[in-house]
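Trainee: Numbering (the numbering used here), first residue to last: 723 to 1013.
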């Protein structure tokens, strides 16, 4: 009997492992399809350079009106500082994939309740970004005069192409608005804030989102408004979906509370009967008349 129960338990564990593995493969396939679609749509989005530069100049005018046009100052500051150029280039070229993928895997394995709404939010935000790329092609700062392409300056130490070089991954120079580097980094920050138990990990998520925002701007790959809109595109569906899947509060009071309240009601009803009969509330002895 004992051997049969042990064998049954092991068989159950194997079945659960197989089911979880199958779900994991389905999730992986979904994300791969999403990434391929994102890459292809982004690569085939608008090719009108003149219109894209016009959109970029429009964004720059808005930023100047708001006094947030810091792209050129940051770009000039980092240009020539080799260490910062290299770190920023590797950060821009790799972390948005490595960190986002790692956090997705961590959520799936350790926090499935948070994984589902956050994965949906990532898919929705990426879809919105693709619509923006198709509807509003926008040139990054590096394609305008007065800005230096930091990744071009560090192409000798990385896998990204130099000016005029061919990339192994389809890309589009005019898909700058919104910045999904910034959007995905905010998603990582939100995921860590929601699911991580250690405060230091939550702070790392916030620092990663802010660091990515700085990197995409100082490398002249995005405008400040690209970053802001990228954050909004991610934050709105993430907060909406997280709130929508939050565990509802049970309006039924706890049994001890309900029993206590029921007892209090019963005492009040008993007191009312006693007063009506001239006896008075429980524990109260009416005074006798001296007459």
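Where is the CB? At the ideal position from N, CA and C, for every residue including glycine.
Counting pairs of beta carbons, one from the region 772 to 780 and one from the region 859 to 876, are three or more of them closer than 8 Å?
Mentor: Contact between the region 772 to 780 and the region 859 to 876 is present, because at least three Cβ pairs lie under 8 Å.
Trainee: With a cut-off of 8 Å, do at least 3 Cβ pairs link the region 919 to 936 to the region 866 to 873?
Mentor: Too few Cβ pairs lie closer than 8 Å, so no.
Trainee: Quickly, what does DSSP pair residue 897 with across the bridge? List them, please.
Mentor: Along the chain shown, one-based indexing puts residue 897 at 175. Paired residue(s): 860.
Trainee: Classify residue 901 as buried or exposed, calling it buried when 16 or more other Cβ atoms lie within 10 Å of its own Cβ.
Mentor: As a first step, residue 901 is located in the chain shown; it is residue number 179 there, counting from the start. So residue 901 ends up on the buried side.
Trainee: Whole angstroms is fine: what's the gap from residue 830's alpha carbon to residue 791's?
Mentor: Stepping through the chain shown from its first residue, residue 830 is reached at position 108. Stepping through the chain shown from its first residue, residue 791 is reached at position 69. Going by the C-alpha atoms only, they are around 39 Å apart.
Trainee: Between residue 848 and residue 760, which are expected to be in contact by the criterion C-beta below 8 Å, what is the C-beta distance as a whole number of angstroms?
Mentor: Here the question's residue 848 lines up with position 126 in the chain shown. Here the question's residue 760 lines up with position 38 in the chain shown. Residue 848 to residue 760, Cβ: 6 Å. Contact.
Trainee: Could you tell me whether the Cβ atoms of residue 957 and residue 934 are closer together than 8 Å?
Mentor: Residue mapping note: residue 957 aligns to position 235 of the chain shown, counting from 1. Residue mapping note: residue 934 aligns to position 212 of the chain shown, counting from 1. No, they are not a contact pair.
Trainee: Please report how far the alpha carbon of residue 796 lies from the alpha carbon of residue 755, in whole angstroms.
Mentor: Along the chain shown, one-based indexing puts residue 796 at 74. Along the chain shown, one-based indexing puts residue 755 at 33. Distance between the alpha carbons of residue 796 and residue 755: 36 Å.
Trainee: Could you work out which residue in 932, 943 and 856 is closest to residue 769 when comparing CA atoms only?
Mentor: For the purposes of this step, residue 769 is taken as the residue at position 47 of the chain shown. Considering only alpha carbons, the answer is 856.
Trainee: Compare the Cα-Cα distances from residue 794 to each of 914, 953, 944 and 837 and report the closest residue.
Mentor: Stepping through the chain shown from its first residue, residue 794 is reached at position 72. Taking only the C-alpha atoms, the option nearest residue 794 is 944.
Trainee: Is the distance from the Cβ of residue 774 to the Cβ of residue 852 below 8 Å?
Mentor: Taking the first residue of the chain shown as position 1, residue 774 is located at position 52. Taking the first residue of the chain shown as position 1, residue 852 is located at position 130. Contact flag unset, no.
Trainee: Let me check understanding here. Comparing Cα to Cα, which of 880, 782, 841 and 959 lies closest to residue 749?
Mentor: Here residue 749 refers to the residue found at position 27 of the chain shown. Residue 841 is the option with its Cα nearest to residue 749.
Trainee: Select from 835, 787, 854 and 949 the residue whose C-alpha is nearest the C-alpha of residue 966.
Mentor: Indexing the chain shown from 1 puts residue 966 at position 244. Per the Cα distances, 835.
Trainee: Which term fits residue 953, buried or exposed, when burial requires 16 or more other beta carbons within 10 angstroms of its beta carbon?
Mentor: The count along the chain shown starts at 1 and reaches residue 953 at position 231. Counting Cβ neighbours within 10 Å, residue 953 comes out buried, since at least 16 surround it.
Trainee: Spatial neighbours of residue 926 within its chain, please: CB distance less than 8 Å, with the 5 preceding and 5 following residues excluded, ordered by chain position.
Mentor: Here residue 926 refers to the residue found at position 204 when the chain shown is read from its first residue. 914.
Trainee: Starting from the N-terminal side, write out each stretch of the beta strand (DSSP E) that is 3 residues or longer and does not extend beyond the region 778 to 827.
Mentor: You should have found no qualifying run.
Trainee: Does residue 850 pass the burial test, meaning 16 or more other C-beta atoms within 10 Å, or should it be called exposed?
Mentor: One-based indexing of the chain shown puts residue 850 at position 128. So residue 850 counts as buried.
Trainee: Which ranges would you report for the alpha helix (DSSP H) in the region 897 to 965 if only whole runs of at least 4 residues count?
Mentor: Counting whole runs of 4 or more residues, the region 897 to 965 contains the alpha helix (DSSP H) stretches 902 to 917 and 921 to 940.
Trainee: Assuming residue 909 and residue 844 are in contact, meaning their beta carbons sit under 8 Å apart, how far apart are those beta carbons, in whole angstroms?
Mentor: By 1-based counting over the chain shown, the position of residue 909 is 187. By 1-based counting over the chain shown, the position of residue 844 is 122. About 6 Å separates the two Cβ atoms, so the contact holds.
Trainee: Could you pull out every residue in the same chain whose Cβ sits closer than 7 Å to the Cβ of residue 949, ignoring the five residues on either side in sequence?
Mentor: Sequence index remark: in the chain shown, residue 949 carries index 227 (1-based). Excluding residues within five positions, the ones whose Cβ falls inside 7 Å are 901, 904, 935, 938 and 939.
Trainee: Could you check whether residue 947 and residue 740 sit closer than 8 Å to each other, using their CB atoms as the reference points?
Mentor: By 1-based counting over the chain shown, the position of residue 740 is 18. By 1-based counting over the chain shown, the position of residue 947 is 225. No, the pair does not count as a contact, with Cβ atoms beyond the cut-off.
Trainee: Return the CA-CA distance between residue 898 and residue 951, expressed in angstroms with no decimal places.
Mentor: What you label residue 898 is simply residue 176 of the chain shown in a count that begins at 1. What you label residue 951 is simply residue 229 of the chain shown in a count that begins at 1. The straight-line gap from Cα to Cα measures roughly 11 Å.
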